[in-house]
Each structure stands twice: as structure tokens, then as C-alpha cells.
Amino acid sequence: MEGIPAQNLINPVGYANSTTPSFVVNPQRYASWYKSSSQSITGTGAPAFTTITFNTATTPSDIASITLTGGGSTFTVNRAGTYFISVQITYANLNTATFSTDAMGLAVSLTRSGANASVLRVSYPSLQAIGGPSASLSGYLELKVGDVFSIVSNAYMSVAGSSLISGVSPSPNDFDLNTFMSWTLINSA
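In the numbering used here, the protein residues as written are 51 to 239.
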């Protein structure tokens, strides 16, 4: 029986040398923003876009690289780099009278140099039959200084009703954020 071939332990694959990774992870720069209260979905039609507001941060390590501005719905990038963005949104009070049979979606809408585009998107089938559905979205974005982005829900409401984007659960469950946006700086530009 033949032995296992020797491995190159001096310069393992994926590393520039034996002690330094060929990529940089910067976990000390991160923040999470959430809603302290629920937000009404007031738009109707297909789709009904709602820009999600955030107003409270968890214990962030960095609130300067990306700042929350513009009344709680607009984030401004102050440090260029590759970011990992993660979003979760939870809905409440959905019912068949207010929620249409079409799909719903969640997006990160980015504005750069006057141009606007959805840079991360996800769509889900109808949520009519689900009592408190949630949607999530995550991905890597190369962001530049001056970029501005918002988190947008398109819930395809048939008629306006009491449907909500859920904020923090009531005490003592205040660790359950329900709707939040987190970013982590993976690599500075």
C-alpha cells in the first residue's frame, strides 16, 4: 500500500507565505442596524416599494466606515472596500385581503455618481398563507467613498392595510431584532 504524498507545508495553497494569508479579513470593522419599532407598509400596487428605516445600532465596532443618514433609511459609504452586507426583514399582520398573490422581493439599492441600481436582490413566492414571514438577503459589494444605499422591500400589496415591517420584539425578547442590516468590511480598497 502506498503512503500519503507529502504536503507542501512551507507554502500551503492560498497563502502568500507560510504565515500570511493571501487575503485580508478585517473583522474589527462591522456594525448592525435595526428597527426599534415596526414600520407600516403604505404603498399599494405591483410592486409596492417601501424603503426600510433603521434607527438603532447594536454594539458596532465602527460607525464611521458606513454611516446611517437621511432620516434613518440611507447609508453613506465613507471607507472604500469590499463589504459583506446581510439583511433580514420580517413582516407582521399580513393577510389575503392586503397581500396579493404576486411575489415579493428585497433589494439593496445603490446610488453612485447620480446613477441608481439594485445591486443585491432576492424574490420570494407569495407570502399570503404565512403568518409572519421573513426574507433575507446577503452578498459581497465593492463600495466606493460617496456611495449611498438603501434597503428596499417590494411587497406587492393589493390594498393598504395594517401590514408591517417588524421592529424589535417586545421585552423581554429585545434580542430578537426581526428586521436588521449588518455590514462587515472584508478588505479595504
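Every residue gets a Cβ at the ideal spot worked out from N, C-alpha and C, and that includes glycine.
Once you ignore the five residues that flank Ile-113 on each side, which residues in its own chain have a CB closer than 8 Å to its CB?
Ala-81, Ala-107
Thinking Leu-214 and Ala-142 are a contact (beta carbons under 8 Å), I'd like their distance in whole angstroms, please.
4 Å
Are Ala-205 and Ile-91 closer than 9 Å when you measure CB to CB?
yes
Span of the beta strand (DSSP E), counted from its first residue to its last, around Gln-138:
131–142
Can you grab the Cα-Cα spacing for the pair Asn-237 / Gly-131, in whole Å?
5 Å
Do Phe-230 and Trp-83 have their beta-carbon atoms positioned less than 9 Å apart in this structure?
yes
Identify, in the order they occur along the chain, each residue of the same chain with its Cβ nearer than 7 Å to the Cβ of Thr-140, setting aside the five sequence neighbours on each side.
Gly-182, Ser-184, Ser-216, Asn-228, Thr-229
For Ala-239, is the classification buried or exposed, using 16 other Cβ atoms within 10 angstroms of its Cβ as the cut-off for buried?
exposed
Three-way DSSP call (helix, strand, coil) for Ser-86 in this model
coil
Can you give me the C-alpha to C-alpha distance between Met-154 and Ile-116, rounded to a whole angstrom?
27 Å
Within 10 Å of its beta-carbon, does Lys-194 have 16 or more other beta-carbons around it, so buried, or fewer, so exposed?
exposed
Residue range of the beta strand (DSSP E) that Ala-157 falls in?
154–162
By the three-class DSSP mapping on this structure, what secondary structure does Val-195 have?
coil
By Cβ distance, which residues of its chain are closer than 7 Å to Ser-219, with the 5 residues on each side in sequence left out?
Asp-226, Asn-228
With 16 other Cβ atoms within 10 Å as the buried cut-off, status of Gln-78:
exposed
Quick one: grab the DSSP three-state call for Thr-101.
strand
Please name the residue in Ser-88, Arg-171, Asp-197 whose C-alpha comes closest to that of Ser-163.
Asp-197
Thr-124 to Lys-85, Cα distance in whole Å?
14 Å
Please report the straight-line C-alpha distance between Thr-103 and Glu-192, rounded to a whole angstrom.
23 Å
What residue range is occupied by the uninterrupted beta strand (DSSP E) comprising Ser-291?
The shown model of the chain, from 51 to 239, leaves out residue 291, and the question about it has no answer.
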